[in-house]
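Trainee: One structure, as structure tokens, below. Some questions next.
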């Protein structure tokens with residue numbers, strides 16, 4: 765299933781998304797994100813949470829790399845399109861449940877969806893810039 769995956773592209777995307785996530789949540793939207801949470805986030809084991817988050821991000825990037833091979837998306841534009849379609853069809857619809865049925869605030873869901881949109885786009889562009897060998 766992962767035959768032919770460009771692991772350099774996967775690692776590059778993983779690192780890029782970790783940096784983007786830090787900047788998005790801890791720098792750019794820190795105050796808005798904390799306000800949207802409604803209460804300050806509870807302190808947790810930072811290492812454990814970071815590890816789970818990185819594992820989640822790795823699964824997303826590997827899924828996009830798998831789609832890249834299956835769909836033959838070898839250019840920046842093609843891979844960006846694949847990534848944005850994956851975000852819309854799977855991530856957006858799944859995260860909408862948090863607002864519709866879980867009761868999360870709209871602002872929080874919008875902030876989280878915004879990051880996921882950014883993450884999928886950055887991962888798609890990274891994978892498109894470093895396509896797998898034929």
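In our numbering, the protein residues as written are 765 to 898.
Ideal placement from N, C-alpha and C gives every residue a C-beta, glycine not left out.
(1) Is the beta carbon of residue 892 sitting closer than 9 angstroms to the one on residue 842?
(2) Evaluate contact between the region 876-891 and the region 812-826, counting only Cβ atoms and requiring at least three cross-stretch pairs below 8 angstroms.
(3) Report the three-state DSSP secondary structure of residue 869 (helix, strand or coil).
(4) Rounded to the nearest angstrom, how far is the Cβ of residue 769 from that of residue 829, given a contact under 8 angstroms?
(5) Throw me the rounded Cβ distance for the residue 800 and residue 872 pair, which I believe falls under 8 angstroms.
(6) With H, G and I counted as helix, E and B as strand and the rest as coil, what does DSSP make of residue 802?
(7) In chain order, what residues of the same chain lie with their CB nearer than 6 angstroms to the CB of residue 860, ignoring the 5 residues before and after it?
Mentor: Answer, in terms of the structure:
(1) For residue 892 and residue 842, yes; Cβs fall inside 9 angstroms.
(2) When C-beta atoms of the region 876-891 are compared with those of the region 812-826, three or more pairs fall below 8 angstroms, so the two segments count as touching.
(3) DSSP places residue 869 in the coil class of the three-state scheme, outside both helix and strand.
(4) About 5 angstroms separates the CB atoms of residue 769 and residue 829; that is less than 8 angstroms, so the two are in contact.
(5) The distance from the Cβ of residue 800 to that of residue 872 is about 4 angstroms, consistent with a contact at the 8 angstroms cut-off.
(6) DSSP places residue 802 in coil when its eight states are reduced to three.
(7) Same-chain partners within the cutoff: there are none.
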